[in-house]
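Just below is one structure, and these are the notes that go with it.
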Amino acid sequence: MVTQVTSFGRSGLYDWMIQRVSAIVLSLYTIFMVGFLLLNPDLTYDQWSTLHEATWMRVFSLMVLLSIGMHSWIGLWSISTDYIKATGARFFFQSLCGITMFVYIVWGIQVLWGL
Amino acid sequence: MVYKIVNKKRPVNLDILTISMPATAVVSILHRVTGIILFVGLAFLFYIFDLSLASQQGFDQVANTLQTSFLAKFIIWGVVSALMYHFVAGVKHLFMDMGYFEELDSGRKAAIANIAIAAVLVVLAGVWIW
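These protein sequences, in sequence, are chains W and B.
Here the first sequence is numbered in the working numbering, starting from 1 and rising by one per residue.
Here the second sequence is numbered in the working numbering, starting from 1 and rising by one per residue.
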């Protein structure tokens with residue numbers, strides 16, 4: 001029974017599942033981006049901004065932003081609970097990670113919807 | 001009431017300096033290390049993503065910097081390498097979830113294959129960037 005209140009899904013099974021679903025989203029985005037950049041070696045600003053203005057691409061990128069938040073929280077939570085034994089230091093580390101993730105998500109949304 | 005004795009819920013012997021590191025352990029710890037590198041490296045990716053979409057000038061600046069600056073190439077290569085490794089190790093993890101590579105022999109071979117595939121991708125990423 002997991003009683004750690006800082007785990008993302010409040011249960012190891014949820015975290016396990018979320019980690020895998022987000023991993024699949026992130027890997028599909030990685031394959032797509034690498035493929036897109038390899039197929040467009042002479043990429044122009046117009047092509048690049050047109051791609052990111054498309055609704056489907058914004059939805060895909062937003063899914064990736066949220067996946068990054070969840071995936072990195074679960075990963076860094078696992079690492080910090082393994083290696084940082086002192087509660088205060090661990091709480092500080094996890095807080096820093098949480099703030100950084102929040103900044104990444106807001107920053108990403110701003111870039112995507114600021115086009 | 002055996003469970004009352006077991007009040008520690010997580011493993012305690014995790015001082016990695018005292019544990020011998022076979023290939024499977026190296027693969028596992030690198031998965032964690034590359035995860036941390038990616039989390040930090042995201043700041044760089046978000047920065048160039050923001051700049052490249054902000055305007056034509058920003059896009060040109062990103063394209064130009066990535067083609068001329070050694071430091072920028074080195075950073076993007078580092079981040080892409082971490083991503084390639086993390087990706088391969090993640091795929092291996094999904095196979096292990098499905099019950100493959102769980103025996104000592106197959107697990108060790110999968111770990112070595114993981115390192116080999118990631119190494120090839122890291123080199124290819126370097127060739128692509130330079």
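Think of the CB as a built atom: it goes at the ideal place given N, C-alpha and C, for glycine as much as any other residue.
Being a predicted model, the structure only gives us computed values, none of them experimental.
Within-8 angstroms CB hit, residue i to chain W
{"i": "B:F95", "result": "no"}
{"i": "B:F44", "result": "no"}
{"i": "B:G99", "result": "no"}
{"i": "B:V2", "result": "Summary for B:V2: the model assigns pLDDT 49, below 50, so the residue's position carries little reliability; its value from the coordinates is reported in the next sentence. Not closer than 8 angstroms to any Cβ of chain W, the Cβ of B:V2 fails to qualify, so no."}
{"i": "B:I90", "result": "According to the sequence as given, residue 90 of chain B is Gly; it is not Ile. Yes, its Cβ sits closer than 8 angstroms to a Cβ of chain W."}
{"i": "B:G35", "result": "yes"}
{"i": "B:L83", "result": "yes"}
{"i": "B:F70", "result": "no"}
{"i": "B:F39", "result": "yes"}
{"i": "B:F87", "result": "yes"}
Contact with chain B by residue i, beta-carbon distance below 8 angstroms
{"i": "W:I84", "result": "no"}
{"i": "W:Y14", "result": "no"}
{"i": "W:I74", "result": "no"}
{"i": "W:S27", "result": "yes"}
{"i": "W:R20", "result": "yes"}
{"i": "W:T6", "result": "no"}
Cβ distance (whole Å) where residue i is taken to contact residue j below 8 angstroms
{"i": "B:M84", "j": "B:A111", "result": "Not confirmed; about 16 angstroms, so no contact."}
{"i": "W:H71", "j": "W:S11", "result": "That pair is no contact at about 17 angstroms."}
{"i": "W:W107", "j": "B:F46", "result": "5 angstroms"}
{"i": "W:M101", "j": "W:G69", "result": "5 angstroms"}
{"i": "W:R58", "j": "B:L94", "result": "Not a contact, Cβ separation roughly 27 angstroms."}
C-beta atoms of residue i and residue j nearer than 8 angstroms
{"i": "B:L53", "j": "W:V103", "result": "no"}
{"i": "W:F8", "j": "W:W113", "result": "no"}
{"i": "B:K92", "j": "B:N114", "result": "yes"}
{"i": "W:V25", "j": "W:S67", "result": "yes"}
{"i": "B:H86", "j": "B:T34", "result": "yes"}
{"i": "B:A125", "j": "B:L30", "result": "no"}
{"i": "B:V122", "j": "B:S55", "result": "no"}
Practice task
Could you list the residues in the stretch 46–65 of chain B with a C-beta less than 7 angstroms from some C-beta on chain W, going in chain order?
Solution key: F46, F49, D50, S52, L53, Q56 and F59
Handout entry: Members of the stretch 82–115 of chain W near chain B, C-beta cut-off 7 angstroms
Key = D82, Y83, Y104, W107, G108, V111 and L115
Practice task
Report the residues of the stretch 42–66 of chain W with a CB closer than 7 angstroms to any CB of chain B, ordered along the chain.
Solution key: Y45, W48, S49 and H52
Practice task
Please determine if the stretch 35–45 of chain B and the stretch 57–64 of chain B are in contact, where contact requires at least 3 C-beta pairs separated by less than 8 angstroms.
Solution key: no
Problem - Touch test, the stretch 64–82 of chain B against the stretch 48–58 of chain W, Cβ-Cβ under 8 angstroms, three pairs minimum - result: no
Practice task
Inspect the CB distances between the stretch 38–52 of chain W and the stretch 81–98 of chain W and report whether three or more fall short of 8 angstroms.
Solution key: no
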